[in-house]
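Here's the structure, in structure tokens; my notes come after.
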Amino acid sequence: MDGPYAQHLLDASDVCSNCLRKNRVERIDPVRGGLVTELDSHLSRDETRTSVGYGPADCVSEQKGVFCECGVEGAFERLWDPTAVAEDEFKTLVKAALATLAEKDVTVRRKETVMYALSHYRDHGNVDRALASALDAGIVAAAAAGNDDRDQVRA
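The sequence shown begins at 2 in our numbering and counts up by one.
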């Protein structure tokens with residue numbers, strides 16, 4: 002899957018694929034390289050949305066893990082199948098996706114995005130396809146409406 006949904010949510014290393022909430026923050030640290038000091042950017046865990054846990058593993062270095070508040074370890078793990086999600090859970094995912102997009106400064110029309118997501122999900126029953134189509138429609142609607150619309154999501 003490609004497009005804005007994959008780029009900003011599904012394949013993003015700073016977003017949990019299970020709950021679609023942003024769980025990593027960008028850190029910029031100074032790094033000395035010879036005579037000049039450069040800035041190095043990397044992602045670190047958001048301490049308000051993640052916790053460090055320990056569990057059984059084959060070696061000591063694999064015992065420590067960073068867990069999202071939804072319970073999964075890592076950004077790319079899911080506890081659910083995209084075709085077997087109840088509508089209430091889907092609505093929660095849509096809300097989390099919109100909040101994450103707002104944190105990432107992605108401008109979408111909230112109303113159109115939600116309507117398109119629910120319609121597509123009810124017709125086809127696939128979370129990823131519904132959210133991808135809805136995000137595309139929300140971005141197009143925001144671009145067509147211009148910048149002065151109050152119904153847009155932008156942080």
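Cβ coordinates follow ideal geometry from the N, Cα and C atoms, glycine included.
Residue nearest to residue i in terms of C-alpha spacing, selected from the options
{"i": "Asn200", "options": "Ala146, Val86 and Val73", "result": "No information on residue 200 is available, as it lies outside the stretch 2 to 156 that the chain covers here."}
{"i": "Met158", "options": "Arg22, Ala131, Pro5 and Glu70", "result": "Coverage of the chain is limited to positions 2 through 156, which leaves residue 158 absent and any answer about it impossible."}
{"i": "Leu94", "options": "Val16, Gln8 and Met2", "result": "Val16"}
{"i": "Arg22", "options": "Cys69, Asp82, Asp106 and Ala118", "result": "Cys69"}
Whole-angstrom C-beta distance between residue j and residue i, which should lie under 8 Å
{"i": "Glu113", "j": "Gly139", "result": "5 Å"}
8 Å Cβ cutoff met for residue i and residue j
{"i": "Asn19", "j": "Thr51", "result": "no"}
{"i": "Gly4", "j": "Ala133", "result": "yes"}
{"i": "Ile29", "j": "Leu40", "result": "yes"}
{"i": "Thr101", "j": "Leu11", "result": "no"}
{"i": "Val67", "j": "Glu74", "result": "yes"}
{"i": "Ala58", "j": "Arg110", "result": "no"}
{"i": "Ala118", "j": "Ala135", "result": "yes"}
{"i": "Ser42", "j": "Glu27", "result": "yes"}
{"i": "Pro83", "j": "Asp124", "result": "no"}
Per-residue DSSP class, three states only, for residue i
{"i": "Lys23", "result": "strand"}
{"i": "Val37", "result": "strand"}
{"i": "Phe77", "result": "coil"}
{"i": "Pro31", "result": "strand"}
{"i": "Thr51", "result": "strand"}
{"i": "Lys65", "result": "strand"}
{"i": "Ser45", "result": "strand"}
Check: residue i C-beta below 7 Å from any heavy atom of the ligand NAP
{"i": "Glu39", "result": "As for the ligand NAP, it is missing from this structure, which has no ligand bound."}
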